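*Asks:* Residues 155 to 322 (our numbering) are what the sequence shown spells out, left to right.
All C-beta atoms, glycine included, are put in the ideal place defined by N, C-alpha and C.
In this text the structure is predicted, and so the values were computed from the model without any measurement.
Take a look at the following structure, please.
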Amino acid sequence: MQKILISGCLIGQKVRYHGKDALCQHGILDKWQQEGRLVAVCPEVSAGLPVPRPSSEIVGSGGGQAVLAGKARVITHNGIDRTEAFILGANKALQVATEHHIKIAILKSNSPSCGNNTIYDGTYTGKTIAGTGTTAALLSQNGLTVFNENQLHEAETFLFKLENDTSC
Ligand code: SF4
Numbered sequence: 155m156q157k158i159l160i161s162g163c164l165i166g167q168k169v170r171y172h173g174k175d176a177l178c179q180h181g182i183l184d185k186w187q188q189e190g191r192l193v194a195v196c197p198e199v200s201a202g203l204p205v206p207r208p209s210s211e212i213v214g215s216g217g218g219q220a221v222l223a224g225k226a227r228v229i230t231h232n233g234i235d236r237t238e239a240f241i242l243g244a245n246k247a248l249q250v251a252t253e254h255h256i257k258i259a260i261l262k263s264n265s266p267s268c269g270n271n272t273i274y275d276g277t278y279t280g281k282t283i284a285g286t287g288t289t290a291a292l293l294s295q296n297g298l299t300v301f302n303e304n305q306l307h308e309a310e311t312f313l314f315k316l317e318n319d320t321s322c
């Protein structure tokens, strides 16, 4: 059975920067939870960051890939450089995924760690731009397919193909 990596905040863990969750109540997640597929991670907490903590954004172009390449930084709204912690958290999430042979992740949209399509733009004004968070980028680079909480039907279809693909 394929397991699925999921952002802890999406299943109710109060690990977000403001101390709350981002609970996503959806029948697909309920089913996966009952099947024992979900493996929760919070890269930022795994890296030792506290709850609550100052919010962070990726500053510089290129999103998470650029952070991993040393070409952009992750900075809190009050100017603290969290780049190393975000890279550490991404590696810890990858380690969990590897241990469980995970090929699919459902990660929280827009997050500088978890965003898969869009992230906050680095101006701390709530604007988003195309790009991936640091963890989403590292997981993608290592072969995982990353969805967000608004793409659960696509993820379900992908999972079905993964488990029913007899061509390999
Ligand atoms: S790092 Fe990811 S899992 Fe942790 S609170 Fe942020 S979005 Fe949720």
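For residue 256, does the three-state DSSP call read helix, strand or coil?
*Replies:* Looking at residue 256 - three-state DSSP - the assignment turns out to be coil, as it is neither helix nor strand.
*Asks:* Going by CA-CA distance only, name the one from 197, 163 and 155 that's closest to residue 174.
*Replies:* Considering only alpha carbons, the answer is 163.
*Asks:* Could you please give me the residues that DSSP links to residue 282 through a beta bridge?
*Replies:* 274.
*Asks:* Express the C-alpha separation of residue 301 and residue 308 in angstroms, rounding to a whole number.
*Replies:* Cα to Cα, the separation comes out at about 8 Å.
*Asks:* Counting pairs of Cβ atoms below 8 Å between the region 237-248 and the region 164-184, do you hit three or more?
*Replies:* In short, these stretches do not touch, since the Cβ pair count stays below three.
*Asks:* If residue 251 and residue 293 are in contact, beta carbons under 8 Å, what's the gap, nearest whole angstrom?
*Replies:* About 6 Å; that satisfies the 8 Å criterion.
*Asks:* Do residue 236 and residue 210 have their C-beta atoms within less than 8 Å of each other?
*Replies:* The answer is yes: Cβ separation under 8 Å.
*Asks:* To the nearest angstrom, report how far apart residue 265 and residue 233 are at their CA atoms.
*Replies:* Distance between the alpha carbons of residue 265 and residue 233: 18 Å.
*Asks:* Report yes if the CB atom of residue 221 is closer than 8 Å to the CB atom of residue 282, and no otherwise.
*Replies:* No.
*Asks:* For the ligand SF4, is there a heavy atom less than 7 Å away from the beta-carbon of residue 169?
*Replies:* The answer is yes for residue 169.
*Asks:* Should residue 262 be listed as close to the ligand SF4, given that the test is whether its C-beta is under 7 Å from any heavy atom?
*Replies:* Checking the Cβ of residue 262 against the ligand SF4 gives yes.
*Asks:* Going by the CB atoms, is the gap between residue 261 and residue 290 shorter than 8 Å?
*Replies:* In this structure, residue 261 lies closer than 8 Å to residue 290 by Cβ.
*Asks:* In whole angstroms, what separates the C-alpha of residue 318 from that of residue 263?
*Replies:* Using only the alpha carbons, I get a separation of about 28 Å.
*Asks:* Out of 219, 258 and 231, which has the shortest C-alpha to C-alpha gap to residue 311?
*Replies:* When only C-alpha atoms are compared, the closest one is 258.
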